[in-house]
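Take a look at the structure below.
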Amino acid sequence: MPKYEIGIIGLGKFGYFLGQSLTDLGHTVLGIDNDSEKIKRAQDVLTQVYKADATDKAALVQLGLAELTHVIISVGHSMEASILIALHLKELGTKNLWCKAVSTEHEKVLKKVGVDHVIFPERFAAEQLARELVIPGLIDYLPLGKGVILQELRVSKWAGKTLRELDLTNKYGIQVVAIKQTGEADFKFVPKANTVLTKEHILAVIGKEEAIKDLEP
Numbered sequence: 003m004p005k006y007e008i009g010i011i012g013l014g015k016f017g018y019f020l021g022q023s024l025t026d027l028g029h030t031v032l033g034i035d036n037d038s039e040k041i042k043r044a045q046d047v048l049t050q051v052y053k054a055d056a057t058d059k060a061a062l063v064q065l066g067l068a069e070l071t072h073v074i075i076s077v078g079h080s081m082e083a084s085i086l087i088a089l090h091l092k093e094l095g096t097k098n099l100w101c102k103a104v105s106t107e108h109e110k111v112l113k114k115v116g117v118d119h120v121i122f123p124e125r126f127a128a129e130q131l132a133r134e135l136v137i138p139g140l141i142d143y144l145p146l147g148k149g150v151i152l153q154e155l156r157v158s159k160w161a162g163k164t165l166r167e168l169d170l171t172n173k174y175g176i177q178v179v180a181i182k183q184t185g186e187a188d189f190k191f192v193p194k195a196n197t198v199l200t201k202e203h204i205l206a207v208i209g210k211e212e213a214i215k216d217l218e219p
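Taking our numbering, the leading residue of the sequence shown gets 3, the next gets one more, and so forth.
Written out as structure tokens, the structure is:
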């Protein structure tokens, strides 16, 4: 996995935990905030932290934000601040700019400014939770098209058959991406087509939600 140099502007809950996760994954993370308490909390977690007003273009230049591989703007509910910061960064040549939005109107303005990726963390978390509540075995809800999910299926009726015989890809547009035995902690990825299934098997499949829910595995 390549290692990136990532800037996070705004070290509230979302920015802080995003930075912590990226640091844990081995990336270099530079955090910026104008709140001394937030800087203090993040200084032992992120690679580098700076107290600065990111709406000041000169500060962004001094900190070299535009030279980083990714920059994420997460400045709470301040639409004006996030738009101004985004405008400055695009003018400075930032190549991969992400920004947290608080409304669809905010999103529209950010895209007009040139932000590459607009994110709604609360909306995504709510959609994910809703599906986890009502879809047994859901592993993830994927933004690969409407209704694409990654879900666990416990084998019952398919016992004694191979993945080749089931032909799930051609029949249902579903792909088995991993398999494990009941009691095993980890999945084994890309199972062989001649794998004979038993009632002890659990499959991780990816496909359209409506196709998966109609299966009787």
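No residue lacks a Cβ here, since even glycine has one placed at the ideal position from N, Cα and C.
> DSSP puts Ile181 in a beta bridge; with which residues?
Replying inline: Translated into positions along the sequence shown, residue 181 becomes position 179. Ile181 pairs with Lys190 and Leu205.
> Do three or more CB pairs link the region 109-122 to the region 195-207 at distances below 8 Å?
Replying inline: Contact between the region 109-122 and the region 195-207 is absent, because fewer than three Cβ pairs lie under 8 Å.
> So Gly9 packs on Leu70, CB below 8 Å; how close in whole Å?
Replying inline: Within the sequence shown, the letter at position 7 stands for residue 9. Within the sequence shown, the letter at position 68 stands for residue 70. So it is a contact: roughly 5 Å between Cβ atoms.
>> Quick check: the region 39-50 against the region 79-99, are at least 3 beta-carbon pairs closer than 8 Å?
In response: No, because fewer than three Cβ pairs between the region 79-99 and the region 39-50 fall closer than 8 Å, the two stretches do not touch.
>> Going by beta-carbon coordinates alone, are Cys101 and Leu112 separated by less than 8 Å?
In response: Here residue 101 is taken as the residue at index 99 of the sequence shown, counted from 1. Here residue 112 is taken as the residue at index 110 of the sequence shown, counted from 1. Against a cut-off of 8 Å, the Cβ pair of Leu112 and Cys101 comes out as a contact.
> Span of the alpha helix (DSSP H) holding Gly21?
Replying inline: Walking along the sequence shown from the start, residue 21 turns up at place 19. For Gly21, the enclosing alpha helix (DSSP H) covers residues Lys15 to Asp26.
>> Using the Cβ count rule (16 or more neighbours within 10 Å means buried), how would you classify Asp37?
In response: Here residue 37 is taken as the residue at index 35 of the sequence shown, counted from 1. Exposed, because fewer than 16 other Cβ atoms sit within 10 Å of the Cβ of Asp37.
>> If the criterion is Cβ atoms closer than 8 Å, does the pair Gln177 and Ile208 meet it?
In response: Taking the first residue of the sequence shown as 1, we reach residue 177 at position 175. Taking the first residue of the sequence shown as 1, we reach residue 208 at position 206. Closer than 8 Å, so yes.
> Would DSSP call Thr30 helix, strand or coil?
Replying inline: Translated into the one-based positions of the sequence shown, residue 30 becomes position 28. Here Thr30 sits in strand by DSSP.
> Just curious, the alpha helix (DSSP H) that Val136 is in, first and last residue?
Replying inline: By one-based count along the sequence shown, residue 136 stands at place 134. Per DSSP, the continuous alpha helix (DSSP H) segment holding Val136 begins and ends at Pro123 to Val136.
> What whole-angstrom Cβ distance do Ile214 and Lys182 have, given they're in contact under 8 Å?
Replying inline: Translated into the one-based positions of the sequence shown, residue 214 becomes position 212. Translated into the one-based positions of the sequence shown, residue 182 becomes position 180. Actually they are not in contact, since the Cβ atoms of Ile214 and Lys182 sit about 18 Å apart, beyond 8 Å.
> Is the beta carbon of Leu65 sitting closer than 8 Å to the one on Leu91?
Replying inline: Position 63 of the sequence shown, counted from the start, is the residue given in the question as residue 65. Position 89 of the sequence shown, counted from the start, is the residue given in the question as residue 91. No, the pair does not count as a contact, with Cβ atoms beyond the cut-off.
> Does the region 129-140 touch the region 149-167, meaning 3 or more C-beta pairs lie closer than 8 Å?
Replying inline: By the Cβ criterion, the region 149-167 is in contact with the region 129-140, since at least three pairs of Cβ atoms, one from each stretch, lie closer than 8 Å.
>> If distances are taken between C-alpha atoms only, which option among Gly162, Ala132 and Phe16 comes closest to Val77?
In response: Position 75 of the sequence shown, counting from 1, holds the residue named residue 77. In terms of CA proximity to Val77, Phe16 leads the group Gly162, Ala132 and Phe16.
>> So, under 8 Å CB-CB, Leu20 and Lys40 are touching, yes? Tell me the CB distance rounded to an integer number of Å.
In response: Taking the first residue of the sequence shown as 1, we reach residue 20 at position 18. Taking the first residue of the sequence shown as 1, we reach residue 40 at position 38. Not confirmed; about 13 Å, so no contact.
> What is the DSSP secondary structure of His90, counted as helix, strand or coil?
Replying inline: Here the question's residue 90 lines up with position 88 in the sequence shown. If DSSP states are grouped into helix, strand and coil, His90 belongs with the helices.
> Does any C-beta atom of chain C lie closer than 8 Å to the C-beta of Thr164?
Replying inline: No chain C appears in the structure shown, which is made up of a single protein chain.
>> Here's the rule I'm using: 16 or more other beta-carbon atoms within 10 Å means buried, otherwise exposed. How should Ala56 be labelled?
In response: Reading the sequence shown from its first residue, position 54 is the one you call residue 56. Counting of Cβ neighbours within 10 angstroms places Ala56 among the buried residues, the total reaching 16 or more.
> Among Ile11, Glu7 and Lys114, which one has its Cα closest to the Cα of Leu260?
Replying inline: Since the first and last residues shown for the chain are 3 and 219, residue 260 lies out of range.
> So what does DSSP say about Val104, is it helix, strand or coil?
Replying inline: Along the sequence shown, read from residue 1 onward, the residue named residue 104 stands at position 102. Reduced to three states, the DSSP call for Val104 is coil.
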